[in-house]
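Have a look at the structure below, then the notes.
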Amino acid sequence: MIDELYELPRGARFVARLIPVADRQAIVGDLLEHAAGLDLSGSRRTLFLAGECGAIAAGLSLDRVRGWFVIPPVRELAAGLAMDGSRAFRGGHAAGSIFRALLFCASIATIALGVELLVSSFLSASGL
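Numbering (my numbering), first residue to last: 20 to 147.
Dropping the structure here:
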């Protein structure tokens, strides 16, 4: 792994360090093979490798961040609450479940407020 990482130009090596260590060797090896297959050399090779490493690192980072905010679907949450109130909050997604329930209640309250304002404006416009 270290040999493949040091085959990269300095700029691409810096960007490649953003890729998680567990995946870095395979990704960098594939990118080096692909660059060799395209017959890239010099600054074009450096830009290609840096751009690809940056894009892959950004994609993997977004996947990691998305994984932090995974919330169970509303159906699962409702089924868990119906069966056993504590079952819905088991596992690692308790904060997400509570957040989704609060967001759902807030959206229902907002819709009710909007309907009330709409009806009251219609009634005042009609003179009642």
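Note that the Cβ used here is the ideal one computed from N, Cα and C, for glycine as well.
With C-beta atoms as the reference, is residue i less than 8 Å away from residue j?
i: ALA35; j: VAL47; result: yes
i: GLU26; j: LEU59; result: no
Distance, Cα to Cα, residue i vs residue j?
i: ASP49; j: ARG94; result: 41 Å
i: GLU135; j: PHE118; result: 26 Å
i: ALA144; j: LEU137; result: 11 Å
i: ALA74; j: ARG29; result: 17 Å
i: PHE33; j: GLU71; result: 12 Å
i: PHE141; j: LEU81; result: 46 Å
i: ILE130; j: ARG85; result: 28 Å
i: LEU122; j: LEU132; result: 15 Å
i: ALA120; j: GLY146; result: 39 Å
Since residue i and residue j are thought to touch, with beta carbons under 8 Å apart, how far apart are those beta carbons, to the nearest angstrom?
i: LEU79; j: ALA31; result: That belief does not hold up - the Cβ atoms of LEU79 and ALA31 are roughly 16 Å apart, past 8 Å.
i: ILE38; j: ALA76; result: 5 Å
For the alpha helix (DSSP H) that contains residue i, what are its first and last residues?
i: GLY56; result: 40-56
i: ARG36; result: Note, ARG36: premise wrong, no alpha helix (DSSP H); not H, not E.
Excluding five sequence neighbours on each side, which residues of the same chain lie with their C-beta closer than 6 Å to the C-beta of residue i?
i: ARG64; result: ALA54
Quick one: residues in its chain with C-beta nearer than 8 Å to the C-beta of residue i, no 5 flanking neighbours on either side, listed in chain order?
i: LEU57; result: PHE67
i: ASP42; result: LEU79
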